[in-house]
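Asker: Before I ask anything, let me first share the structure, which is written out below as C-alpha cells.
2 protein chains.
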Amino acid sequence: MFGLMQDRPLLISSLIEHAAAFHPHAEIVSRTVEGPIHRCTYADIRRRAMQVANAMQTLGVRPGDRVGTLAWNGYRHMELYFGVSGMGAVLHTINPRLFPEQIEYIANHAEDQYIFFDVSFTALIEKLAPRMKSVKAFIAMTDRANMPTADIPGLICYEDLIGREPVEYAWPEFDERAASSLCYTSGTTGNPKGVLYSHRSSVLHAFLACSVDGLGLAAAESALVVVPMFHVNAWGMPYAGAMCGAKLVLPGPAMDGKSLYELIRDEGVTLALGVPTVWQMLLQHAERNATDPKRELVLRRVVIGGSSAPRSMCEAFETLMGAFVVHAWGMTEMSPIGTICNLLPKHKRASLEQRLDLQVKQGRGVYGVELKLTDEDGNRLPHDGTTAGHLKVRGPWIANAYFHDDGGSILDDECFFDTGDIATIDLDGYMHITDRAKDVIKSGGEWISSIDLENAAVGMPGVAEAAVIGIAHPKWQERPLLIIVRKPDCPLINKDDVLQYLESQVARWWLPDDVVFIEEMPHTATGKLQKMALRQMFRDYRFPA
Amino acid sequence: MFGLMQDRPLLISSLIEHAAAFHPHAEIVSRTVEGPIHRCTYADIRRRAMQVANAMQTLGVRPGDRVGTLAWNGYRHMELYFGVSGMGAVLHTINPRLFPEQIEYIANHAEDQYIFFDVSFTALIEKLAPRMKSVKAFIAMTDRANMPTADIPGLICYEDLIGREPVEYAWPEFDERAASSLCYTSGTTGNPKGVLYSHRSSVLHAFLACSVDGLGLAAAESALVVVPMFHVNAWGMPYAGAMCGAKLVLPGPAMDGKSLYELIRDEGVTLALGVPTVWQMLLQHAERNATDPKRELVLRRVVIGGSSAPRSMCEAFETLMGAFVVHAWGMTEMSPIGTICNLLPKHKRASLEQRLDLQVKQGRGVYGVELKLTDEDGNRLPHDGTTAGHLKVRGPWIANAYFHDDGGSILDDECFFDTGDIATIDLDGYMHITDRAKDVIKSGGEWISSIDLENAAVGMPGVAEAAVIGIAHPKWQERPLLIIVRKPDCPLINKDDVLQYLESQVARWWLPDDVVFIEEMPHTATGKLQKMALRQMFRDYRFPA
Numbered sequence: 020m021f022g023l024m025q026d027r028p029l030l031i032s033s034l035i036e037h038a039a040a041f042h043p044h045a046e047i048v049s050r051t052v053e054g055p056i057h058r059c060t061y062a063d064i065r066r067r068a069m070q071v072a073n074a075m076q077t078l079g080v081r082p083g084d085r086v087g088t089l090a091w092n093g094y095r096h097m098e099l100y101f102g103v104s105g106m107g108a109v110l111h112t113i114n115p116r117l118f119p120e121q122i123e124y125i126a127n128h129a130e131d132q133y134i135f136f137d138v139s140f141t142a143l144i145e146k147l148a149p150r151m152k153s154v155k156a157f158i159a160m161t162d163r164a165n166m167p168t169a170d171i172p173g174l175i176c177y178e179d180l181i182g183r184e185p186v187e188y189a190w191p192e193f194d195e196r197a198a199s200s201l202c203y204t205s206g207t208t209g210n211p212k213g214v215l216y217s218h219r220s221s222v223l224h225a226f227l228a229c230s231v232d233g234l235g236l237a238a239a240e241s242a243l244v245v246v247p248m249f250h251v252n253a254w255g256m257p258y259a260g261a262m263c264g265a266k267l268v269l270p271g272p273a274m275d276g277k278s279l280y281e282l283i284r285d286e287g288v289t290l291a292l293g294v295p296t297v298w299q300m301l302l303q304h305a306e307r308n309a310t311d312p313k314r315e316l317v318l319r320r321v322v323i324g325g326s327s328a329p330r331s332m333c334e335a336f337e338t339l340m341g342a343f344v345v346h347a348w349g350m351t352e353m354s355p356i357g358t359i360c361n362l363l364p365k366h367k368r369a370s371l372e373q374r375l376d377l378q379v380k381q382g383r384g385v386y387g388v389e390l391k392l393t394d395e396d397g398n399r400l401p402h403d404g405t406t407a408g409h410l411k412v413r414g415p416w417i418a419n420a421y422f423h424d425d426g427g428s429i430l431d432d433e434c435f436f437d438t439g440d441i442a443t444i445d446l447d448g449y450m451h452i453t454d455r456a457k458d459v460i461k462s463g464g465e466w467i468s469s470i471d472l473e474n475a476a477v478g479m480p481g482v483a484e485a486a487v488i489g490i491a492h493p494k495w496q497e498r499p500l501l502i503i504v505r506k507p508d509c510p511l512i513n514k515d516d517v518l519q520y521l522e523s524q525v526a527r528w529w530l531p532d533d534v535v536f537i538e539e540m541p542h543t544a545t546g547k548l549q550k551m552a553l554r555q556m557f558r559d560y561r562f563p564a
Numbered sequence: 020m021f022g023l024m025q026d027r028p029l030l031i032s033s034l035i036e037h038a039a040a041f042h043p044h045a046e047i048v049s050r051t052v053e054g055p056i057h058r059c060t061y062a063d064i065r066r067r068a069m070q071v072a073n074a075m076q077t078l079g080v081r082p083g084d085r086v087g088t089l090a091w092n093g094y095r096h097m098e099l100y101f102g103v104s105g106m107g108a109v110l111h112t113i114n115p116r117l118f119p120e121q122i123e124y125i126a127n128h129a130e131d132q133y134i135f136f137d138v139s140f141t142a143l144i145e146k147l148a149p150r151m152k153s154v155k156a157f158i159a160m161t162d163r164a165n166m167p168t169a170d171i172p173g174l175i176c177y178e179d180l181i182g183r184e185p186v187e188y189a190w191p192e193f194d195e196r197a198a199s200s201l202c203y204t205s206g207t208t209g210n211p212k213g214v215l216y217s218h219r220s221s222v223l224h225a226f227l228a229c230s231v232d233g234l235g236l237a238a239a240e241s242a243l244v245v246v247p248m249f250h251v252n253a254w255g256m257p258y259a260g261a262m263c264g265a266k267l268v269l270p271g272p273a274m275d276g277k278s279l280y281e282l283i284r285d286e287g288v289t290l291a292l293g294v295p296t297v298w299q300m301l302l303q304h305a306e307r308n309a310t311d312p313k314r315e316l317v318l319r320r321v322v323i324g325g326s327s328a329p330r331s332m333c334e335a336f337e338t339l340m341g342a343f344v345v346h347a348w349g350m351t352e353m354s355p356i357g358t359i360c361n362l363l364p365k366h367k368r369a370s371l372e373q374r375l376d377l378q379v380k381q382g383r384g385v386y387g388v389e390l391k392l393t394d395e396d397g398n399r400l401p402h403d404g405t406t407a408g409h410l411k412v413r414g415p416w417i418a419n420a421y422f423h424d425d426g427g428s429i430l431d432d433e434c435f436f437d438t439g440d441i442a443t444i445d446l447d448g449y450m451h452i453t454d455r456a457k458d459v460i461k462s463g464g465e466w467i468s469s470i471d472l473e474n475a476a477v478g479m480p481g482v483a484e485a486a487v488i489g490i491a492h493p494k495w496q497e498r499p500l501l502i503i504v505r506k507p508d509c510p511l512i513n514k515d516d517v518l519q520y521l522e523s524q525v526a527r528w529w530l531p532d533d534v535v536f537i538e539e540m541p542h543t544a545t546g547k548l549q550k551m552a553l554r555q556m557f558r559d560y561r562f563p564a
C-alpha cells in the first residue's frame, strides 16, 4: 500500500524556484574573470537561468544531452547549473587544470554538444576546439565588450546568446532520477571516469549540506565557495545555497591569499569551503599582512576537504582567525560528502589538544551514507577505533557505475562502493582514514599505513616531501621504503638522521627498511602525488642486505 | 537518461540504523506512565524495535496492515514507530483526547489489526474493545508487574510480547512511497479523515527538521518533545532525532508546568516543541515558582505550532527564560511543517518590538513546500504582504488524498492542496494567516479577518474569550458579530465599552455591528473553538436595525 502523499519529484529547478520565492534578495557575489566584483540575487539567477534554458532549446539541446563548462566559480556558471540541468540536459563541468589531452578525452567521451568557457581559457579552447568532435559551438562566458578574438569555430557570446531569450520558462517535470550533471574523476591511474549525478541525488545531498550536523549552510551564512564549481559541483554549494537562501561568495580565478582574505573581510564571510592548498595561502597572507584577523573577520567555520586537514591548519585557523575547522571527507563518486567531523556534546569541555586530535579525523557518517569496514574477503570488521579495514559506502548520492560503464561493476554484493581507502571507525562513529588500499604496506600479516609514515617524516625539519611505498620482501611479504625530497636549505640530512627522528614517532616495526633521497616527486595535473610513477621508478629496487 | 546513482530507498528503518551506528549512546529519556524516569539509547531503541518487528511477524501482521496506538510520548511508543513502520506495516497513532465515539470510528475506519495502549487508557480500551471490530488483540505497553486487570479480550503484555523475540531482524527493502503511518485530523466538521504518510515523506520531512533553517535539530540538542506522538508523529521528531542523533526527552502524560519545568532543567533541554496551551502552564509555573529560570535552564529555543503563538508568549519566553520562540505552522495534511519563522540576517539589529512583530507571523516557506495565494476563482495573487488570499500548498510531504479517498479529490488543477486558511505573504517570504476561509467576513467585496478582530477583543481587560462570525447583511453581504465570554470578575462590561475599546484597535469599517455576551463557548474534544456550533446558535440572529 502506498502512502497518500503528493508525488513531487526532487528536481534542481525546484531549488532555484524556492530561492527566488523565499530568498529573492539574498546575494550571489562573484569576482569576475574580467576583474570587478559582480553582485546579483537568487531572483536574478533564476531569471537568467530561465534565459539559459530557453537558449538551450534554441540551440537544439535535448534532455540528456551533455553541455560542458570550463569555468571558475561565478554567477554565470551558477546560471548554467540551474538553466542547463533545469531544462533536462546534463551539465558537464570540466576541470581546466587537467592536462589538455585529458580535457580533450573527457569532452569527447562525454560527447559534449556545447562548451561554455571563461575567457581565461580562450587559448586552451582555441587549441582543443578542432579535436572536440561532438561540440557544435563554443560560448564565451562574457559580454560583447569583453569577447576574445580567437580562432574558434562557432564562437558565441554568452550575453548575446541569453540576452535575446525570454525571461520566463516553464521548467519541465520529469523523473527525479534523471541525470543532472557529470563530473570526471581526476584518477591517478588510467583515463578519467565520469560520475553521473541525478536530480534526486543532488537535492538529497543539498538537504545534508543544509543540516546542522552536515555543513550547516543557512540563510544567515555568507559562504565563500573556494572549492571549484568544476570539482563535484563545488561540494553541492550552488544547490544547497538555493535550498536555504545563503549568501554565496564566488572567488572566480583569484585563489591567492590576498584576494581570498579581502573577500572574506569585505563580504562578511562566516563560512568558507575549500581544499588545504588554498587555505595555506590564505593563512600565510593573514599571518604576514593582517594586524587583527579575529577582529577584522566574522569567519566562524572553515570546511576543509579534498585532502586531509593538517592538525597545524586546524590550530592556525582557530588561533589566528577564531574559526573552527570542520574536516569533511568525500569523493567525486559520493557527490561528495561522506563524513563530517563535527563535535559531540561531550566534547564541549575538551582541551584544544584533545579537540585537535579529533578534528584531524575525517568525521562521522551522516544520514544518507552507510559506512562499513571489511577485510580482504569482504567480511565486516568491527567499529572499535583500532581495526583498520577497507572502507565501503552505500547511499542515495553515491555512484553505482561510471559513465558508459567504464570499469564495469563497482559495487559489492551488498551494493556498497569500495572507496579504495583503509580506515578505522571508533565507538562514537568517527572515521579515520589510515591509508589508500593500494598504498598500504602488508608486512607479516599486518598493515603499515604509508600515510602515517609520510606524515611522520614530513614533520622532520629539512624534509620537503615524503612518500612511502612497499617493496617486496622475502620474509615479511612487503616492507616500507621511504622516499624523501629534501628542503633546499637542508641538503645534508641523511638516512640515519631520518631513522633516528622516526624512532620516536612510530612503532619500531613500522620503521622503513631504507630511506632514499630524490630531487622531485611525480605529481598529477591536479597536484596529487603519483605513487604509480614512484613504484615504476623503484621497480628494480632491492633493500640492502 | 538516468543518473548513475545508487537506487537506495528512503526508509524509516534506515533512520534508526543510522542512529544506532553513529549515535549509539545518545539518549531517549522518558517520563513513564508508571511514574519513574526511564533512560535508554538509540542502540536500545533499535534493538527493541527489531523485537517489535519480529513480534509483528509472529502476530501475523503483514506489510500495509494498520497497527494502532493509544499512547503518550515515551520510549515504547518510539520503538513502535520504528518497529511497526520498519517491517512494512502502518503505524496508526490515535489521539486519546478525541471523544470515545471518534476513537471507535477511527479504529474501525483504519481497520486496525492490533492496538497498543498505555495503561492510563485501560478503562477506555475496556469500554471500546467490543466495538473495535478489526482488532485481534490489545497490547498494554508495560511489563508484567504493571499489567492492568481489565476485561479486555486478547490482552497482551508488551514486554512479554517483545521479550521473547530475537533482537536481530533484517529490515525489508521496499518502495519508499509505501505507507508508513496514519494520523486522523481532528477536524471541526464531520468525521475525522485519515492522512497516510509514506516512508519517503517521513524521511524528507526529517531532513527539513534537521536543517538549520528548519527546526535545527542536531546531535548537540536535547529536545523536549511535548507535541504528542499521536499528533502528526510529534512533528516528525522521532524520525528527525534518529537522523541526527539528538537527545530526545519524552514527557509521558505529565504535561503540567512543574513536570515540564523539571524535565527541562534536569535533562539540559535546549529545544522544546509544543502547542501554546502547555507553554502557558510552563510559563505560569516558572513565574510563580522559579527564582532564576535563565540561570537554571539552558533552554535556547521553543518551537510553537498547532495554533498561533501569541506575542506575549514569545516575549515571556525571551524575558523569563532567555529562549527564542520559533513560530511554526503546518497541518496534519502537511506532515506537518509548512512554514517556520526564523529570522533573516537583516533582522539581527531589530528591536525586541520589531522582532516580536515578525515572530507572530507563521514564517517563511521551507524548501519542499510551495505556497501560493489565490482568489476565489483560483487565480494567483501577489506576495506583497497586504493581499490576502486562499493559501494553497504543494510538496512531497503534503497529502494528495485522504485515506479511503474520504472527501474525494483535494487538489486543485496545479496539484496544490487548499489549507482552508486566508493568508498574506510578504516580500521576504513571511506568511501570515489572517483567517480561516470559512470564517472570514465578506463585507462589501472586502474581507474582514475574524481572527484579527478576536485577537483585538481578547486584548480588552475583562474579556475571557471572543469569537467573531459573519451575519448576513442586506447591503454589505456580511457584517461581523462579536461574541464574548466575560471574565468572572468583570461581569459589567457591555457593548459600548467593547466598541469603544476596539475603535483604537481596528479599522472603522471592521467594527462589529453588534456585541453579544454568552456564558461559554462551544469547543471540540481537542479544545478548538467550534464556530460551526456558534453559527448554529446564532442561526436566527438579526442585527438591530
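From first to last, the protein sequence lines stand for chains Z and P. Using my numbering, the first residue of the first sequence is number 20, and each one after it goes up by one. Using my numbering, the first residue of the second sequence is number 20, and each one after it goes up by one. Every residue gets a Cβ at the ideal spot worked out from N, C-alpha and C, and that includes glycine.
1) Based on the DSSP output, what are the partners of V268 (chain P) in its beta bridges?
2) Give me the chain Z residues within the contact set of H37 (chain P), using Cβ-Cβ distance strictly less than 7 Å, ordered along the chain.
3) Do you know offhand how far G408 (chain Z)'s Cα is from W298 (chain P)'s?
4) Alpha carbon to alpha carbon, how far is A420 (chain Z) from R196 (chain Z)?
5) Comparing the C-beta of F21 (chain P) with each C-beta of chain Z, is any distance below 8 Å?
6) I need the straight-line Cα distance from A265 (chain Z) to A228 (chain Z), nearest angstrom please.
7) Hey, could you find the ends of the beta strand (DSSP E) Q496 (chain P) is sitting in?
8) Assuming V321 (chain Z) contacts A291 (chain Z) (C-beta within less than 8 Å), just tell me the rounded distance between them.
9) In chain order, which continuous runs of the beta strand (DSSP E) of length 3 or greater are located wholly inside the region 182 to 251 of chain P?
10) Taking 8 Å as the threshold (C-beta atoms), are R85 (chain P) and Q25 (chain P) in contact?
11) Leaving out the 5 sequence neighbours to the left and right, which residues in its chain are closer than 7 Å to A486 (chain Z) when beta-carbon positions are compared?
12) Going by other Cβ atoms of all chains shown within 10 Å of its Cβ, with 16 needed for buried, is W416 (chain P) buried or exposed?
13) Could you tell me whether the Cβ of W190 (chain Z) comes closer than 8 Å to any Cβ of chain P?
14) Please confirm if F226 (chain P) has its CB atom under 8 Å from at least one CB of chain B.
15) Helix, strand or coil for V297 (chain Z) per DSSP?
16) Our contact map puts L500 (chain Z) next to Y560 (chain Z) with C-beta atoms below 8 Å; I'd like the distance itself, whole angstroms only.
17) Using alpha carbons as the reference points, say which of P:V222, P:I181, P:E184, P:Y124 lies closest to S199 (chain P).
18) Taking only beta carbons into account, state which residues of the region 230 to 254 of chain P come closer than 9 Å to chain Z, listed in chain order.
19) Could you check what DSSP says for A108 (chain P) in three-state terms: helix, strand or coil?
20) Using three-state DSSP, classify F140 (chain Z) as helix, strand or coil.
21) Output the boundary residues of the beta strand (DSSP E) element that contains A486 (chain Z).
22) Report yes or no: is there a C-beta of chain Z within less than 8 Å of the C-beta of P415 (chain P)?
23) Residue ranges of each alpha helix (DSSP H) run of no fewer than 4 residues wholly in the region 310 to 337 of chain Z, ordered along the chain?
24) Which class does W348 (chain P) belong to by DSSP, given the choice of helix, strand or coil?
25) Return the residue from the list P:F118, P:V109, P:R383 that minimises the CA-CA distance to L363 (chain P).
26) Here's the rule I'm using: 16 or more other beta-carbon atoms within 10 Å means buried, otherwise exposed. How should K313 (chain P) be labelled?
27) Could you tell me the distance, in whole angstroms, from the CA atom of D532 (chain P) to the CA atom of Q524 (chain P)?
28) Using a C-beta to C-beta distance shorter than 8 Å, which residues of chain P count as neighbours of L292 (chain Z)?
29) Within this structure, are the beta carbons of A456 (chain Z) and I441 (chain Z) separated by less than 8 Å?
30) In the region 173 to 199 of chain Z, which residues sit with their C-beta less than 7 Å from some C-beta in chain P, listed in chain order?
31) For F101 (chain P) and chain Z, any beta-carbon pair shorter than 8 Å?
Answerer: Quick answer:
1) On the second sequence, position 249 is the one that residue 268 (chain P) refers to. P:V48, P:L243, per the DSSP bridge assignment.
2) Counting from 1 along the second sequence, the entry for residue 37 (chain P) is found at position 18. The contacting residues are Y386.
3) Taking the first sequence and counting its residues from 1, one reaches residue 408 (chain Z) at position 389. Taking the second sequence and counting its residues from 1, one reaches residue 298 (chain P) at position 279. For G408 (chain Z) and W298 (chain P), the distance between alpha carbons rounds to 50 Å.
4) On the first sequence, residue 420 (chain Z) is found 401 positions in, with the first residue counted as 1. On the first sequence, residue 196 (chain Z) is found 177 positions in, with the first residue counted as 1. Near 14 Å, if we compare the C-alpha coordinates of R196 (chain Z) and A420 (chain Z).
5) What you label residue 21 (chain P) is simply residue 2 of the second sequence in a count that begins at 1. Yes, contact with chain Z.
6) Residue mapping note: residue 265 (chain Z) aligns to position 246 of the first sequence, counting from 1. Residue mapping note: residue 228 (chain Z) aligns to position 209 of the first sequence, counting from 1. Whole-angstrom Cα-Cα distance: 11 Å.
7) As a position in the second sequence, residue 496 (chain P) is number 477, starting the count at 1. In this chain, the beta strand (DSSP E) harbouring Q496 (chain P) covers 496 to 505.
8) Locating residue 321 (chain Z) in the first sequence gives position 302, counting from the first residue. Locating residue 291 (chain Z) in the first sequence gives position 272, counting from the first residue. Yes, V321 (chain Z) and A291 (chain Z) are in contact; Cβ-Cβ is about 5 Å, under 8 Å.
9) Counting only runs of 3 or more, we get 198 to 203, 213 to 217, 241 to 244.
10) Reading the second sequence from its first residue, position 6 is the one you call residue 25 (chain P). Reading the second sequence from its first residue, position 66 is the one you call residue 85 (chain P). No, the pair does not count as a contact, with Cβ atoms beyond the cut-off.
11) Start at 1 with the first residue of the first sequence, and residue 486 (chain Z) comes out as number 467. Annotation for A486 (chain Z): E473, I502, M540, L548, K550, L553 place their beta carbon closer than 7 Å to its own, counting only its chain and skipping 5 residues before and after.
12) Here residue 416 (chain P) refers to the residue found at position 397 of the second sequence. With 16 or more other Cβ atoms within 10 Å, it is buried.
13) In the first sequence, residue 190 (chain Z) corresponds to position 171, counting from 1. Contacts with chain P at 8 Å (Cβ-Cβ) do not include W190 (chain Z).
14) Given the protein chain composition of this structure (Z and P), no chain B is represented.
15) The count along the first sequence starts at 1 and reaches residue 297 (chain Z) at position 278. Three-state DSSP puts V297 (chain Z) in a helix.
16) Position 481 of the first sequence, counting from 1, holds the residue named residue 500 (chain Z). Position 541 of the first sequence, counting from 1, holds the residue named residue 560 (chain Z). Yes, they are in contact, since the Cβ atoms of L500 (chain Z) and Y560 (chain Z) sit about 7 Å apart, within 8 Å.
17) If you number the second sequence from 1, residue 199 (chain P) lands on position 180. When only C-alpha atoms are compared, the closest one is P:V222.
18) Taking 9 Å as the upper bound on Cβ-Cβ separation, chain Z lies near residues S230, V231, D232, G233, G235, L236, A237, A238, A239, E240, S241 of the region 230 to 254 of chain P.
19) Along the second sequence, read from residue 1 onward, the residue named residue 108 (chain P) stands at position 89. In the displayed model, A108 (chain P) falls within coil according to three-state DSSP, outside both helix and strand.
20) Translated into positions along the first sequence, residue 140 (chain Z) becomes position 121. For F140 (chain Z), the three-state secondary structure derived from DSSP is helix.
21) Walking along the first sequence from the start, residue 486 (chain Z) turns up at place 467. A486 (chain Z) -> beta strand (DSSP E) spans 482 to 492.
22) The residue given as residue 415 (chain P) occupies position 396 in the second sequence. At least one chain Z Cβ lies under 8 Å of P415 (chain P).
23) Counting only runs that start and end inside the region 310 to 337 of chain Z, the alpha helix (DSSP H) elements of at least 4 residues fall at 312 to 315, 330 to 335.
24) Mapped onto the second sequence, residue 348 (chain P) falls at position 329. Three-state DSSP puts W348 (chain P) in a strand.
25) To locate residue 363 (chain P), count along the second sequence from 1; it is residue 344. The residue with the shortest Cα to Cα distance from L363 (chain P) is P:R383.
26) What you label residue 313 (chain P) is simply residue 294 of the second sequence in a count that begins at 1. The residue in question, K313 (chain P), is exposed, as its Cβ has fewer than 16 Cβ neighbours within 10 Å.
27) Against the second sequence, residue 532 (chain P) aligns to sequence position 513. Against the second sequence, residue 524 (chain P) aligns to sequence position 505. Roughly 15 Å separates the two Cα atoms.
28) Here residue 292 (chain Z) refers to the residue found at position 273 of the first sequence. Within 8 Å Cβ-Cβ: nothing; L292 (chain Z) doesn't reach chain P, min ~15 Å.
29) In the first sequence, the residue the question calls residue 456 (chain Z) occupies position 437. In the first sequence, the residue the question calls residue 441 (chain Z) occupies position 422. Yes, these two residues count as a Cβ contact at 8 Å.
30) Of all residues in the region 173 to 199 of chain Z, those with a C-beta nearer than 7 Å to a C-beta of chain P are R196, A197, A198, S199, reading in chain order.
31) As a working note, residue 101 (chain P) is residue 82 in the second sequence. Interface criterion not met: the Cβ of F101 (chain P) is under 8 Å from no Cβ in chain Z.
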